Amino acid sequence: MNLKRLREKKKLSQDRLAKLADVANNTIIKIEQGENTNPTLATLKKIAKALGVGLDELTGYQLRSK
1 MNLKRLREKK KLSQDRLAKL ADVANNTIIK IEQGENTNPT LATLKKIAKA
51 LGVGLDELTG YQLRSK
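Per UniProt numbering, residue 1 is the first one in the sequence shown, and the count goes up by one each step.
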């Protein structure tokens, strides 16, 4: 997961990103620390949108198209 790197690149605090993504600050912290290794797709979409990146860049996985 590239969350911390992307957040720092955008010069956002964990709290600010949480507010922009409309998720709990604790959610951002746990994902970054590896305590939450299975966040919901909805949460990942919100975070990616707040960072202005795609899910593939956020997660580090290339999405396959059908």
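All C-beta atoms in this analysis are idealised placements derived from N, C-alpha and C, irrespective of residue type, glycine included. Every value quoted in this text rests on a predicted model; they were computed, and no experiment measured them.
Backbone secondary structure at residue i - three-state DSSP
i, result
"residue 56", "helix"
"residue 24", "coil"
Endpoints, the alpha helix (DSSP H) within which residue i is located
i, result
"residue 12", "Segment: none, residue 12 is in no alpha helix (DSSP H) and carries neither H nor E."
"residue 37", "Neither: residue 37 is in no alpha helix (DSSP H) and is coded neither H nor E."
CA nearest to the CA of residue i, picked from the options
i, options, result
"residue 45", "5, 36 and 23", "23"
"residue 4", "39, 52, 29 and 50", "29"
Rounded Cβ spacing between residue i and residue j (contact assumed at less than 8 Å)
i, j, result
"residue 55", "residue 48", "5 Å"
"residue 25", "residue 33", "Contact flag wrong, Cβ pair sits at about 13 Å."
"residue 7", "residue 51", "7 Å"
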